[in-house]
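**Q** What follows is a single structure, and I will ask about it in a moment.
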C-alpha cells in the first residue's frame, strides 16, 4: 500500500492558514512548481479534515473553487468528521474516526499516496504513528498568526529526515520522512 503524506504550503513563519483559517494569502503564491505537478500524479486519495473541507479556499470566486489542487487532481476523498452533511457529496466519503479514514483512504489509493489536508488531521496522523512523509512548500511571506503547520500543545519531538529539497519560482520545497 501507499504512504501517508502531509503536503502543504506554509509561510516562512510556520503558518498554513491565516487567522480564522483565511487562505487568501496563498493565492499569490500559487504558481509553477514542477515538484508539486509531479506529486499530484502520485496521489491516489485525499484524507481531509472537516475544517479544511468546510473552510476557506484560495481559489474562491474562480472556476477552480472547491476543486483539490485547484482542479489539478481528481479522485476519492475521505473527510474526517463527526458531523457529516445530510446529503451526499460526489466523490466524498465521510468517516467518523482516524483509523477507518486512513484504512479507507489507503485502500482507495493503492500504491499511491494518501495525501493529508489539514493541520489537525496531520497532527492526529503523527500521534497515531501513521504519517510517513511531509512535503512543505515554503512561501516567501510572513503571516504572523494563524493555523500552524504542526501544533502540539506541551510540545513533542518528531524526528524527520530530509529526503528532498527543490526550488520553484514562488516556493522552496522541502520533502521529509518521518523517522520511526
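Numbering (this note's numbering), first residue to last: 288 to 467. All C-beta atoms in this analysis are idealised placements derived from N, C-alpha and C, irrespective of residue type, glycine included. Quick caveat: nothing in here was measured; it's all calculated off a predicted structure.
#1: Which residue wins for smallest C-alpha separation from residue 406, given the options 334, 324, 290 and 322?
#2: Under three-state DSSP, which class holds residue 385?
#3: In whole angstroms, give me the CA-to-CA distance for residue 428 and residue 310.
#4: Please state the DSSP three-state secondary structure of residue 337.
#5: Is it buried or exposed, residue 449, if we count other Cβ atoms within 10 angstroms and call 16 or more buried?
#6: Candidates 399, 435, 396 and 397: which alpha carbon is nearest residue 408's?
#7: So, helix, strand or coil for residue 443, using DSSP?
#8: Within 8 angstroms, do at least three Cβ pairs link the region 294-302 to the region 363-381?
#9: With DSSP collapsed to three states, give me the class of residue 410.
**A** This is what the structure holds:
#1: 334
#2: helix
#3: 13 angstroms
#4: helix
#5: exposed
#6: 435
#7: coil
#8: no
#9: helix
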